[in-house]
Amino acid sequence: GVTERTFMAIKYDAVQRGLISEIMGRMEKKGYKLVALKMVWPTEEFAGKHYHDLKERPFFGNLVKFMSSGPAVAMVWEGPGVIKMARTIIGATDPLKSNPGTIRGDLATSVGRNVIHGSDAYSTAEEEIALWFSPSEIHAWNRTNEDWISS
Ligand code: DAT
Ligand code: MG
Numbered sequence: 074g075v076t077e078r079t080f081m082a083i084k085y086d087a088v089q090r091g092l093i094s095e096i097m098g099r100m101e102k103k104g105y106k107l108v109a110l111k112m113v114w115p116t117e118e119f120a121g122k123h124y125h126d127l128k129e130r131p132f133f134g135n136l137v138k139f140m141s142s143g144p145a146v147a148m149v150w151e152g153p154g155v156i157k158m159a160r161t162i163i164g165a166t167d168p169l170k171s172n173p174g175t176i177r178g179d180l181a182t183s184v185g186r187n188v189i190h191g192s193d194a195y196s197t198a199e200e201e202i203a204l205w206f207s208p209s210e211i212h213a214w215n216r217t218n219e220d221w222i223s224s
């Protein structure tokens, strides 16, 4: 059966800074499975759709401009508790409030350059996966080492 899935995007600041493998490695080494991956250069309209919940916030304009300024690395990760755990691995929205050991706590200092997005709940994970990926881009593949990751 299919376990839980979440959407994550390595933002353009992290792409520029050469942090793609650093960030992906944290999810991979934890034991989560990558089931979809592509580089996407969002339009402002697309970025606005992704962040539609924040439309009324004062930083919305800057946020969609930043997100559409270059390519992001879009990913779907799968595994037990992945939605909540990805948020824990990412850290707080403001990198100065993120604990060391988290992605933002270790790699960022500014809320406007906080290197990574992760879905915040089951419903947003479903919605964001559907926005960024078509079903044929998501791969249900088997790991031969599954018994060494989960029992
Ligand atoms: P998160 O990315 O942790 O889910 P969010 O959904 O509240 O946080 O906001 C989405 C993004 O918007 C966030 O990653 C960075 C930007 N943002 C949030 N709050 C902000 C603020 N107070 N000032 C500037 N940018 C902000
Ligand atoms: Mg959010």
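Mapping the sequence shown onto the UniProt record's numbering, position 134 (from 1) lands on 207, and the numbers just tick up by one.
Idealized CB from N, CA, C, for every residue including glycine.
Buried or exposed for residue i, please, with buried defined as at least 16 other CB atoms from any protein chain shown within 10 angstroms of its CB.
i, result
"Gly74", "Only weak support exists for where Gly74 lies, its pLDDT of 49 falling under 50; the coordinates are left without a value."
"Asn187", "buried"
"Asp86", "buried"
"Leu92", "buried"
"Ala120", "buried"
"Gly191", "buried"
Nearest-angstrom Cα distance between residue i and residue j?
i, j, result
"Lys122", "Arg78", "20 Å"
"Thr197", "Met140", "18 Å"
"Asp220", "Glu129", "47 Å"
"Trp205", "Trp150", "13 Å"
"Glu200", "Tyr124", "11 Å"
"Leu127", "Pro153", "29 Å"
"Phe80", "Pro115", "15 Å"
"Val146", "Ser224", "31 Å"
"Phe132", "Thr175", "24 Å"
"Asn218", "Gly104", "10 Å"
"Pro173", "Arg216", "31 Å"
"Ser183", "Ile83", "15 Å"
"Ser207", "Val137", "22 Å"
"Ser171", "Gly178", "4 Å"
"Ala181", "Arg90", "11 Å"
"Glu118", "Gly134", "11 Å"
"Val113", "Val88", "11 Å"
Residue i: beta carbon under 7 Å from a heavy atom of the ligand DAT?
i, result
"Asp193", "yes"
"Asn187", "yes"
"Thr175", "no"
"Phe119", "no"
"Phe80", "no"
"Leu136", "yes"
"His190", "yes"
"Val146", "no"
Pull up the DSSP beta-bridge partners for residue i, would you.
i, result
"Phe119", "Paired residue(s): none; Phe119 is not in a bridge."
"His151", "Note on residue identity: the sequence assigns Glu, not His, to residue 151. Arg78 and Lys106."
"His125", "Paired residue(s): none; His125 is not in a bridge."
"Pro173", "Thr175"
Does residue i come within less than 8 Å of chain B when only Cβ atoms are used?
i, result
"Lys122", "The structure shown contains no chain B; it is built from a single protein chain."
State whether the segment 102-110 contacts the segment 198-217, with contact taken as three or more CB pairs (one from each stretch) at a distance under 8 Å.
-> yes
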